[in-house]
Every structure is written in C-alpha cells, then in structure tokens.
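Scroll down for the structure; my scribbles are underneath it.
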Amino acid sequence: MSQAFHIAAPPSGGRTKFLRRFNERVGLAVLAFVVLFFGAQAVCAHEFKAGDLEIEHPWSRATPTGAKVAGGYFTITNKGNAPDRLLSISSDVSEKAELHEMGVKDGVMTMRPVVGGLEIPAGGKVALAPGGYHLMFVGLKRQPKQGEEFAATLTFEKAGAVNVEFAVEGMGGGMDDHAN
Ligand SMILES: [Cu+2]
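When we follow the numbering used here, the leftmost residue of the sequence shown carries the number 7, and every step to the right adds one.
Right, here's the structure in full:
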C-alpha cells in the first residue's frame, strides 16, 4: 500500500521536468508518426477525376538498373450511364506504354496486349493490378525510383485525355508480373 501511495504521490520538481520532457518527446514521436502515416496515405490515396471516371491510386514499381519495362496499375470507376474505353497511354518515362492482360495459357502465365482498348462499363469498376490487366511502360528512359511520381496521360474514348501521376512504390510486395 505504502509503495503504491509512493508512486501515486506528486513527483518532485526534477521528476516533473523529466515527465514534461518525456511527454514532449512522446508528443513529437506521435506527431512524426502522424505526419509519416498521413503523408504516405495522401500519396497512396491519390485520385484523378475526368467526367464520370475516377482513377484511383495509379502506381508503379521501382525497377532495377537496366530494366526496360515497368508496370502501371490503378482502379477506374465509371459513375456514368455509358461505357467508356481506355484507348491509349503515354508517358515521358518510356518510349511507349501498352495495355496488357495476363492470362494462363497451357499452364503458363502469358501477357498480351489488349486489342481495341479496355472497356470501363457504365456504373462499373475495372482494376489494373499485378496478375491481371496492367499498363506496361516499354523502353524506359530512366529507372523510376521509389517515392517519386511520374506523369502519364490516359486517353479515353469519351472522357478524353486525363493526366495522372503514377506513385512509384518499392520493388517488392505484391505479385511480380514482369521479368524486370
Ligand atoms: Cu505487361
């Protein structure tokens, strides 16, 4: 009992100082965490709108030196009453960009260009993700680095040209669909 009382007793001056400093440090650490967390969230949750289309979180992966291709991923939601179609992609990061589809043929994962563009159904959602539909930046002019963003233009049949930024994430994580 007396020990418990001792702990609960008002601290001496020195101890108050120590506690105040401790609290300040904890406060700073929490602040740093909040900034890091929400800062990262802000990058990760970026979104672009064009007409009825919402393009969520375009991202790519950092590539090792010498790599010639990089993937591109995002989710498109079509809030309109008519389908739209992603027709082409361009970016300064590479000589060209293609729309690809992954599939399994005779037990082997294959990748082929999507012919005629990618339809975004009315009221629908299409995800470009590792292992499925994806963009491929072909003929990289430089290696995208983790933490940076690079610009690209997505051209749709109805919504027209939409400028987006691809956030470059780390090399690991997710399913790697390219022999980078
Ligand atoms: Cu591909």
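Note that CB positions come from ideal geometry on N, CA and C, so glycine has one too.
Proximal residues to residue i (C-beta, below 7 Å), its chain only, five neighbours per side dropped
i	result
GLN47	For GLN47, the pLDDT reaches just 49, beneath the cut-off of 50, and the residue's location in the model is therefore unreliable, although a value from the coordinates is still provided. If we look at GLN47 and ignore the five residues flanking it on each side, it has no Cβ neighbours.
HIS52	HIS63, GLU171 and ALA173
LYS102	VAL144 and GLY145
GLY130	ASN84
Closest by C-alpha distance to residue i, when choosing among the options
i	options	result
GLY122	LYS85, VAL75 and ILE95	ILE95
GLY137	GLY78, LEU146 and GLU125	GLY78
ALA165	GLU104, ARG148 and THR83	THR83
GLU60	PHE80, ALA88 and LEU34	PHE80
PRO89	VAL110, THR22, ALA35 and PHE162	PHE162
ASN169	LYS55, ARG26 and MET142	LYS55
Range covered by the beta strand (DSSP E) that runs through residue i
i	result
GLU163	Segment: none, GLU163 is in no beta strand (DSSP E) and carries neither H nor E.
ALA56	53 to 56
MET108	100 to 111
ALA133	131 to 134
ARG118	114 to 119
Own chain, CB closer than 6 Å to residue i, minus 5 neighbours either side, in chain order
i	result
LYS85	ASP58
Residue i CB to nearest heavy atom of ligand 3 below 6 Å
i	result
MET117	With respect to small molecules bound, the structure shown includes ligand 1 and not ligand 3.
Own chain residues within Cβ distance below 8 Å of residue i, not counting five before or after
i	result
TYR139	LEU105, HIS106, GLU107, MET108, VAL120, LEU124, VAL132 and ALA133
LYS151	ALA68 and VAL174
Does the region 89 to 103 come close enough to the region 149 to 164 to have 3 or more Cβ pairs within less than 8 Å? Judged by Cβ distances under 8 Å, the region 89 to 103 makes contact with the region 149 to 164, as three or more pairs qualify.
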